[in-house]
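Numbering-wise (full-length UniProt numbering), the sequence shown opens with residue 1 and increments by one. Just so you know, even glycine gets a beta-carbon here, dropped at the ideal spot from N, CA and C. Every value quoted in this text rests on a predicted model; they were computed, and no experiment measured them. The structure appears right after this line, and notes come after that.
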Amino acid sequence: MINIKKGNPAQRGAQKTGSMSYNFAFAGVSDNITLLIFDGRKNLKCRVELDETYKTGDVFSCNISGENLDKAMYCYELDGKMIPDLYAKTVTCCSEFNKIQDNARYLSRIVLDEFDWEGDMPLQTPYEDSIFYKIHVRGYTKSRTSMVKHKGTFDGIIQKADYLKELGITAVELMPAYEYDEAGRFPDYDENEKPSGMYKMAEQGRPLNYWGYCNALHFAPKASFTSCASYKNDYTYEFKNMVKQLHKKGIEVIMEMYFSDETPELITDCIRYWVMEYHIDGVHLYGPPCALNVCATDPVLSYTKIITVFWDGKRGHVRHMADYNDGYLGIIRRFLKGDDNQLEDFINTQRNNPQNAAVINYITNHNGFTLNDCVSYDRKHNEANHENNRDGESFNYSWNCGFEGRTKKKKVLALREKQMKNALMMLMFSAGTPLIFGGDEFLNSQLGNNNPYCLDNEISWVNWNDNEVSKRMTEFVKKLISFRKKYNILHMKDKLLASDSLSCGYPDISYHGSGAWYQVTENYNRHIGIMYCTKYSDCKTNAGKDDEFELIYIAYNMHWEAHELALPKISESSSWNVKICSADDESVSVTDNRTLHIAPRTSAVLTATIKNIKNIKRGHREYK
Numbered sequence: 001m002i003n004i005k006k007g008n009p010a011q012r013g014a015q016k017t018g019s020m021s022y023n024f025a026f027a028g029v030s031d032n033i034t035l036l037i038f039d040g041r042k043n044l045k046c047r048v049e050l051d052e053t054y055k056t057g058d059v060f061s062c063n064i065s066g067e068n069l070d071k072a073m074y075c076y077e078l079d080g081k082m083i084p085d086l087y088a089k090t091v092t093c094c095s096e097f098n099k100i101q102d103n104a105r106y107l108s109r110i111v112l113d114e115f116d117w118e119g120d121m122p123l124q125t126p127y128e129d130s131i132f133y134k135i136h137v138r139g140y141t142k143s144r145t146s147m148v149k150h151k152g153t154f155d156g157i158i159q160k161a162d163y164l165k166e167l168g169i170t171a172v173e174l175m176p177a178y179e180y181d182e183a184g185r186f187p188d189y190d191e192n193e194k195p196s197g198m199y200k201m202a203e204q205g206r207p208l209n210y211w212g213y214c215n216a217l218h219f220a221p222k223a224s225f226t227s228c229a230s231y232k233n234d235y236t237y238e239f240k241n242m243v244k245q246l247h248k249k250g251i252e253v254i255m256e257m258y259f260s261d262e263t264p265e266l267i268t269d270c271i272r273y274w275v276m277e278y279h280i281d282g283v284h285l286y287g288p289p290c291a292l293n294v295c296a297t298d299p300v301l302s303y304t305k306i307i308t309v310f311w312d313g314k315r316g317h318v319r320h321m322a323d324y325n326d327g328y329l330g331i332i333r334r335f336l337k338g339d340d341n342q343l344e345d346f347i348n349t350q351r352n353n354p355q356n357a358a359v360i361n362y363i364t365n366h367n368g369f370t371l372n373d374c375v376s377y378d379r380k381h382n383e384a385n386h387e388n389n390r391d392g393e394s395f396n397y398s399w400n401c402g403f404e405g406r407t408k409k410k411k412v413l414a415l416r417e418k419q420m421k422n423a424l425m426m427l428m429f430s431a432g433t434p435l436i437f438g439g440d441e442f443l444n445s446q447l448g449n450n451n452p453y454c455l456d457n458e459i460s461w462v463n464w465n466d467n468e469v470s471k472r473m474t475e476f477v478k479k480l481i482s483f484r485k486k487y488n489i490l491h492m493k494d495k496l497l498a499s500d501s502l503s504c505g506y507p508d509i510s511y512h513g514s515g516a517w518y519q520v521t522e523n524y525n526r527h528i529g530i531m532y533c534t535k536y537s538d539c540k541t542n543a544g545k546d547d548e549f550e551l552i553y554i555a556y557n558m559h560w561e562a563h564e565l566a567l568p569k570i571s572e573s574s575s576w577n578v579k580i581c582s583a584d585d586e587s588v589s590v591t592d593n594r595t596l597h598i599a600p601r602t603s604a605v606l607t608a609t610i611k612n613i614k615n616i617k618r619g620h621r622e623y624k
């Protein structure tokens, strides 16, 4: 026999509170609302009219007991229309992407099935040790070129886990992967609106929202991103399994979440729920500042990565917040293509590593050119969006290397490959956390479209290129990531000071131009040498060797002319060795251990081992 009484308004959504006891709480309407309980997806089992007697403040709540509802589903009814709960854990009738179903019933599971996490816990990888990789769940493996069984799904990402681990990725950032409104299915909802304006069905014929920055049910994983959504009631298994399998590979999961008019309470509840129920490691949060600050200081989220555009000073007791550094993109791209007066900005942003919050650096992202397109197009080509090419950013700081779009010209293709390698070297050797836009490492292109928000086709899907050039680029990215991880000095938690605080003859970081120890940043200069001293970090290759460390010299020449850079003097028993170069072996050479000759538009990494330092003349930082 079912018993119904007033519930706990503080437990929003549907919660199991005992062996056969369930709490329901719904806010946002001033008039009465009806709770509907279904036995499966079709049969109405129970109907509860929630009037003023069930209301506390603006929250209607009830407790239902006496019968097992673990497999039951629910929704609400308002003005004769069935509506989903904003706290819904799952949503029916959404199993097919971009398909509106007639007479849809947006029902949710009251209780999710048990999942065996096998002792899984969030990884808590420090920002300074992280390599981020951003993808759209559907677009990443939807193309036939992905060669996965379940294309466009969470399971598809599992099938790419070994690849991501081999590449060196430590965290996957997912574009909205909760139940968002891509096809105008959900009613608009605002907790602060009056009932008459709460549920307005979206106009038919509007553009597809492929990306997902729109109206959403944030607590439910996106059903159409699962391979089993059409035949399993609890499709959340697949998301949980994805997190568990990625964690086994040492890869974190970051959820990108977009909120517009939601309350800080809902936002905080939502993030807590994903952390506790799905074991995610962090969120990239778009929302009101008040909600951001609450999340930053929430004790439940104190070790969860919280990322947003900018932190205004609020902080937890650990450095778990991060800025999504959009300014980095413009500076790097302008320096890459050789614009005037960019060298000083490049030096400053390359060294940027604030204490208050970590910084996420990227040169490409979902809202802009891919890396391949950034060196292949001067202008956006968004005609496929059917907005007369008016949408998308017009100022991309890109350069087509002499030809607009696809070409077979060998000189243009060689220059483009070198420019992409230059960009990736700048990204990987900047302080802060690097983020790669998924597919950039093997030359994915969107054919010059820098805003495919409404496209669900081969333009927006990642093309898993499998040719000689794409393989060469992928191997280059692996090499860069491996080199970065090998040397802690390249990814320190604290900002480097450009000071010889250890009195070893070398600062932690130093800058060099045509003369050693002198950085020249006039507006016409486009080349610089940046040197790091590993004695200021626990270099994995030299741990415990107090009398031995390495110098890492990274040279950037973004000029269209060759240049010479001075190398600091080292002992006669040491020598500078080229480890990485964005061009061929003949593009860089060293003369007398003191001068680096570097070809146009080329970057290079050199190292030297310093042993048994004695009699350092600190004033000139030279050996006697």
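| query | result |
| --- | --- |
| For Ser499, which residues of its own chain have a beta-carbon under 6 Å away from its beta-carbon, when the five flanking residues on both sides are left out? | Pro507 |
| Measuring CB to CB, does Ile528 end up less than 8 Å from Tyr553? | no |
| Give a yes or no on whether the C-beta atoms belonging to Glu550 and Thr609 are separated by under 8 Å. | yes |
| Buried or exposed, going by whether 16 or more other CB atoms sit within 10 Å of the CB of Gly28? | buried |
| I'd like to know whether the C-beta of Leu606 is nearer than 8 Å to at least one C-beta of chain B. | Protein chain content of the structure displayed is limited to a single chain, and chain B is not contained in it. |
| So, is Arg144 buried or exposed, given that buried needs 16 or more other C-beta atoms within 10 angstroms? | exposed |
| Just to check my reading of the structure: Ile331 and Ile251 have Cβ atoms closer than 8 Å, yes? What is that Cβ distance to the nearest angstrom? | Their Cβ separation, rounded to whole angstroms, is 29 Å, which puts Ile331 and Ile251 out of contact at 8 Å. |
| Look at the alpha carbon of Lys409 and the alpha carbon of Arg416, and state the distance between them as a whole number of angstroms. | 11 Å |
| Residues in the same chain with beta-carbon distance under 6 Å from Ala202, minus the five sequence neighbours each way, listed in chain order, please. | Residue placement at Ala202 cannot be trusted, given a pLDDT of 38 that sits under 50; what the coordinates show is reported in the next sentence. These residues qualify, in order along the chain: Gly184. |
| Residue range of the alpha helix (DSSP H) that Tyr434 falls in? | For clarity, residue 434 is Pro in the given sequence; the question names Tyr instead. Here Pro434 belongs to no alpha helix (DSSP H); instead the beta strand (DSSP E) covers 433-437. |
| Just curious, the beta strand (DSSP E) that Glu252 is in, first and last residue? | 252-258 |
| Considering only residues of the same chain and omitting the five flanking positions on each side of Gln342, which have a CB-CB separation below 6 Å? | Arg334, Phe335 |
| Out of Leu371, Leu606, Val294, which has the shortest C-alpha to C-alpha gap to Glu441? | Leu371 |
| Where do the ends of the alpha helix (DSSP H) carrying Cys295 lie? | 289-297 |
| Where do the N-terminal and C-terminal ends of the alpha helix (DSSP H) with Leu424 fall, by residue? | 410-428 |
| Quick one: residues in its chain with C-beta nearer than 7 Å to the C-beta of Tyr377, no 5 flanking neighbours on either side, listed in chain order? | Phe369, Ser398, Asn400, Glu404, Gly405, Gly448 |
| Along the alpha helix (DSSP H) that carries Pro264, what are the first and last residues, could you check? | 264-278 |
| With which residues is His527 paired in a DSSP beta bridge? | Asn557 |
| Just grab the DSSP bridge partners of Ala604 for me. | Ala555, Cys581 |
| Thinking just about the alpha-carbon of each residue, which of Asp234, Thr236, Phe239, Pro288 is nearest to the one in Phe259? | Pro288 |
| Do you know offhand how far Met73's Cα is from Tyr106's? | 10 Å |
| Pull up the DSSP beta-bridge partners for residue 665, would you. | Outside the shown range of the chain (1 to 624) lies residue 665, about which nothing can therefore be said. |
| Does Glu564 come out as helix, strand or coil in the three-state DSSP assignment? | strand |
| So if DSSP puts Thr34 in a beta bridge, which residue, or which two residues, is it bridged to? | Glu49, Glu77 |
| Which whole-angstrom value describes the C-beta separation of Val249 and Leu435, a residue pair presumed to lie in contact below a C-beta threshold of 8 Å? | In the sequence under discussion, the amino acid at residue 249 is Lys, which differs from the Val named in the question. Actually they do not touch by this definition, with Cβ atoms about 18 Å apart. |
| In three-state DSSP terms, what is Ile332? | helix |
| Have a look at Leu112 and Asn293 and give me their C-alpha separation to the nearest angstrom. | 30 Å |
| Looking at the strands, I want to know which residues DSSP matches up with Cys62. | Lys6, Phe24 |
| For Ile459, which residues of its own chain have a beta-carbon under 7 Å away from its beta-carbon, when the five flanking residues on both sides are left out? | Ala384, Gln446, Leu447, Asn449, Pro452 |
| CB-CB under 6 Å to Ala516, same chain, minus the five flanking residues each way: which ones, in chain order? | Ala566, Pro568 |
| Compute the Euclidean distance between the alpha carbons of Ser224 and Ala14, then round it to the nearest angstrom. | 23 Å |
| Go ahead and label Gly18 buried or exposed: buried means 16 or more other beta carbons lie within 10 angstroms of its beta carbon, across all protein chains shown. | exposed |
| Give me the Cβ distance between Pro9 and Ser61, rounded to the nearest whole Å; I'm assuming they're in contact under 8 Å. | 4 Å |
| Would Val253 and Ile280 be called neighbours here (beta carbons separated by less than 8 Å)? | yes |
| Let me know if Trp560 comes out buried or exposed under the rule of 16 or more other beta-carbons within 10 Å of its beta-carbon. | exposed |
| Between the alpha carbons of Phe180 and Met492, how many angstroms are there, rounded? | Checking the displayed sequence, the identity of residue 180 turns out to be Tyr instead of Phe. Each residue's Cα considered, the two are about 38 Å apart. |
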